[in-house]
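K.L.:
This is the structure I want to talk about, given as structure tokens.
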Amino acid sequence: MMERRQFLSGTGAAIGGSLLAGCVGGSDSRTVTVDYAYYNPVSLVLREKGWMAEAFTDTDVEIEWVLSLGSNQANEYSQSGEAEVASTAGIAALMARSNGVPITTPYIYSEPEWTALVTFEESGIESVADLEGKRVAATRGTDPYFFLLQALDDAGMSEDDVEVVHLQHPEGQSSLVQGNVDAWAGLDPHMAELELEHDGAELFFREPAYNTYGFLNFLDGFLADHPEDARRVIDAYERGREWAIANPEETASILASESDMSQPVAERVFTQRNDLSEPIPGDAHRDLLSDLAPILQEEGLVTDGADPQGSIDDLLDSEFAADAAGGE
């Protein structure tokens, strides 16, 4: 496995390096670049165990890992070609596809409850309605951001009724702790850390149905030009998924080690807020994206002429990974 490069820019606005996807080294070797993320525990298992590299041991392919700090950064990797495989929330994947990023989602890495609205008890915020006029940290283009929009809509409000402070997830957590914002659209494991390790932290609005799954996105060119390599990636993910289901405490330990979180935080994230039982895209994913697609246009998150509803069928591929998942 090649030495990994970690892109740790706080804003995720710039992508370092000049890797041309699939073209490093000599003409007889290729690199497949795959992201790992603290919000995708299976990716951490695969990286720790070396199973992704092992899936390519009889080939001339090397695996390079890059760290995604949020769906927005993972989408940047896809858009630039920096990563052939990247993990995002479902609505973030649809936003990217609608905006012309050439990705397809053949695999669901998790059904999480990984976001909620967070504040401190002393803020006086008890409901979404109390956010009016307040500063709320969120990462634009990620599930917590869309979660916030849905929560505001439920309360008869919109983004115009609050001041959204656009920060990457870890910076949103820090900003809330420092009192620079009144609330935060949180993401695990950072959210669970705050909940368990800071007195007075409260998840004051939770709605599991507003979390849009974990999508594993493949560049269309990668799927078309190297389908066997793509299948090896999915096979590795299936190995990791099955192991993680059978070994939840060990998976939590890997999450804790990789993210520098405590074991109790990691256990809450993985054992209480992640469901790995359904890896194949299906009607539930299509229906959820269909319900949320109008938000992309209402909030100006897609280009003029984009068709988020029509892009759902382009995005989801229910057939490619079925063999790897045993036809589930």
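If you count by the numbering used here, then the sequence shown holds residues 3 to 330, one letter each, in order. Glycine included, each C-beta is placed from N, C-alpha and C at the ideal position. The structure displayed is predicted, hence computed values, not measured ones.
(1) How is the alpha helix (DSSP H) around residue 336 delimited, first residue to last?
(2) Determine the burial state of residue 45: buried for a count of at least 16 other Cβ atoms within 10 Å of its Cβ, exposed for fewer.
(3) Since residue 109 and residue 281 should fall inside the 8 Å C-beta cutoff, what is the C-beta to C-beta distance between them, to a whole number of angstroms?
(4) Does the distance from the CB of residue 81 to the CB of residue 98 come in under 8 Å?
(5) Just to confirm, is the Cβ distance from residue 128 to residue 202 under 8 Å?
(6) Please specify which runs of the alpha helix (DSSP H), each continuous and at least 4 residues long, are wholly inside the region 158-212, giving them in chain order.
(7) DSSP three-state label for residue 128, please.
(8) What is the rounded straight-line gap between the Cα of residue 12 and the Cα of residue 165?
(9) So, do the region 105-120 and the region 210-221 have three or more beta carbon pairs nearer to each other than 8 Å?
(10) How should residue 171 be labelled, buried or exposed, when 16 other C-beta atoms within 10 angstroms of its C-beta is the threshold for buried?
(11) Using the three-state DSSP reduction, which class does residue 279 fall into: helix, strand or coil?
(12) According to DSSP, is residue 66 part of a helix, a strand, or is it coil?
(13) Which word fits residue 296, buried or exposed, when buried means at least 16 other C-beta atoms lie within 10 angstroms of its C-beta?
(14) With a threshold of 8 Å, are at least 3 pairs of Cβ atoms found where one atom belongs to the region 295-309 and the other to the region 267-278?
(15) Less than 8 Å between C-beta atoms, sequence neighbours within five positions excluded: which residues of the same chain meet that for residue 126?
(16) Is the CB-CB distance between residue 190 and residue 121 below 8 Å?
(17) Do you know how far the Cα of residue 175 is from the Cα of residue 77?
(18) Would the beta-carbon of residue 74 fall within 8 Å of that of residue 305?
(19) Does residue 67 come within less than 8 Å of chain D when only Cβ atoms are used?
(20) Please report the residue range of the alpha helix (DSSP H) in which residue 253 lies.
(21) By DSSP, does residue 292 sit in helix, in strand, or in coil?
(22) Which residues bound the alpha helix (DSSP H) around residue 95?
(23) In terms of residue numbering, what span does the beta strand (DSSP E) encompassing residue 1 cover?
(24) Count Cβ pairs between the region 286-294 and the region 208-218 that sit closer than 8 Å; are there 3 or more?
(25) Span of the beta strand (DSSP E) holding residue 104?
(26) What does DSSP give as the partner residue(s) for residue 140 in the beta ladder?
(27) Mind checking which residues open and close the alpha helix (DSSP H) that includes residue 150?
(28) Taking its Cβ as the centre, do 16 or more other Cβ atoms sit within 10 Å of residue 72, making it buried, or is it exposed?
(29) Label residue 210 either buried or exposed according to how many other C-beta atoms from any shown protein chain fall within 10 Å of its C-beta, with 16 as the threshold for buried.
(30) In terms of alpha-carbon separation, which member of 232, 256, 92, 105 lies closest to residue 316?
(31) Is residue 146 near residue 188, with beta carbons less than 8 Å apart?
(32) Residue range of the beta strand (DSSP E) that residue 71 falls in?
P.N.:
Walking through what the data contain:
(1) In the structure as shown, the chain starts at 3 and stops at 330, and residue 336 therefore has no counterpart that could be examined.
(2) As a working mapping, residue 45 is identified with position 43 in the sequence shown. Classification of residue 45: buried, given that the 10 Å Cβ count is 16 or more.
(3) On the sequence shown, residue 109 is found 107 positions in, with the first residue counted as 1. On the sequence shown, residue 281 is found 279 positions in, with the first residue counted as 1. Going by Cβ atoms, the distance from residue 109 to residue 281 rounds to 6 Å, so yes, they are a contact pair.
(4) Residue 81 sits at position 79 when you count from the first residue of the sequence shown. Residue 98 sits at position 96 when you count from the first residue of the sequence shown. The Cβ-Cβ distance between residue 81 and residue 98 falls below 8 Å.
(5) Counted from its first residue, the sequence shown places residue 128 at position 126. Counted from its first residue, the sequence shown places residue 202 at position 200. No, they are not a contact pair.
(6) Counting only runs that start and end inside the region 158-212, the alpha helix (DSSP H) elements of at least 4 residues fall at 171-179, 192-199.
(7) As a first step, residue 128 must be located in the sequence shown, where it is residue number 126. Of the three classes helix, strand and coil, the one that applies to residue 128 here is coil, per DSSP.
(8) As a first step, residue 12 is located in the sequence shown; it is residue number 10 there, counting from the start. As a first step, residue 165 is located in the sequence shown; it is residue number 163 there, counting from the start. Its pLDDT being 28, under 50, residue 12 is placed unreliably by the model, and the measurement read from it follows with that caveat. Rounded to the nearest angstrom, the two C-alpha atoms are 20 Å apart.
(9) Two segments are said to touch when three or more pairs of C-beta atoms, one from each, lie closer than 8 Å; by this definition the region 105-120 touches the region 210-221.
(10) For the purposes of this step, residue 171 is taken as the residue at position 169 of the sequence shown. It counts as buried.
(11) For the purposes of this step, residue 279 is taken as residue 277 along the sequence shown, with counting starting at 1. Judged by DSSP in its simplified three-state form, residue 279 adopts coil rather than helix or strand.
(12) As a position in the sequence shown, residue 66 is number 64, starting the count at 1. Note: residue 66 maps to strand in three-state DSSP.
(13) The residue given as residue 296 occupies position 294 in the sequence shown. By the neighbour-count rule (16 or more Cβ atoms within 10 Å), residue 296 is not buried but exposed.
(14) They do not touch, by the three-pair rule.
(15) The sequence position of residue 126 within the sequence shown is 124, counting from 1. Within its own chain, the residues whose Cβ lies closer than 8 Å to the Cβ of residue 126, once the five positions on either side in sequence are excluded, are 132, listed in chain order.
(16) Numbered from 1 along the sequence shown, position 188 holds the residue referred to as residue 190. Numbered from 1 along the sequence shown, position 119 holds the residue referred to as residue 121. Cβ distance not < 8 Å, so residue 190 and residue 121 don't count as in contact.
(17) For the purposes of this step, residue 77 is taken as the residue at position 75 of the sequence shown. For the purposes of this step, residue 175 is taken as the residue at position 173 of the sequence shown. Our two residues, residue 77 and residue 175, have alpha carbons roughly 22 Å apart in a direct line.
(18) On the sequence shown, position 72 is the one that residue 74 refers to. On the sequence shown, position 303 is the one that residue 305 refers to. Here residue 74 is not near residue 305, since their CB atoms are 8 Å or more apart.
(19) The chain inventory of the structure shown lacks chain D, comprising one protein chain alone.
(20) Residue mapping note: residue 253 aligns to position 251 of the sequence shown, counting from 1. Counting along the chain, the alpha helix (DSSP H) containing residue 253 begins and ends at 250-261.
(21) Here residue 292 refers to the residue found at position 290 when the sequence shown is read from its first residue. In this structure, residue 292 counts as helix in the three-state DSSP scheme.
(22) Translated into positions along the sequence shown, residue 95 becomes position 93. Its alpha helix (DSSP H) spans residues 92-100.
(23) Lying outside 3 to 330, the shown extent of the chain, residue 1 is not represented and no answer is given.
(24) They touch, by the three-pair rule.
(25) Within the sequence shown, the letter at position 102 stands for residue 104. Taken as a continuous stretch (DSSP letters only), residue 104 belongs to no beta strand (DSSP E), as it is neither H nor E.
(26) Numbered from 1 along the sequence shown, position 138 holds the residue referred to as residue 140. For residue 140, which the question treats as bridged, DSSP gives the partners 168.
(27) On the sequence shown, position 148 is the one that residue 150 refers to. From DSSP, the alpha helix (DSSP H) with residue 150 extends over 145-156.
(28) Start at 1 with the first residue of the sequence shown, and residue 72 comes out as number 70. Burial call: buried.
(29) Start at 1 with the first residue of the sequence shown, and residue 210 comes out as number 208. Looking at its Cβ environment, which holds fewer than 16 other Cβ atoms inside 10 Å, residue 210 is exposed.
(30) As a first step, residue 316 must be located in the sequence shown, where it is residue number 314. The residue from 232, 256, 92, 105 with its alpha-carbon nearest to that of residue 316 is 105.
(31) If you number the sequence shown from 1, residue 146 lands on position 144. If you number the sequence shown from 1, residue 188 lands on position 186. The Cβ atoms of residue 146 and residue 188 sit closer than 8 Å to each other.
(32) Translated into positions along the sequence shown, residue 71 becomes position 69. Here residue 71 belongs to no beta strand (DSSP E), and DSSP marks it neither H nor E.
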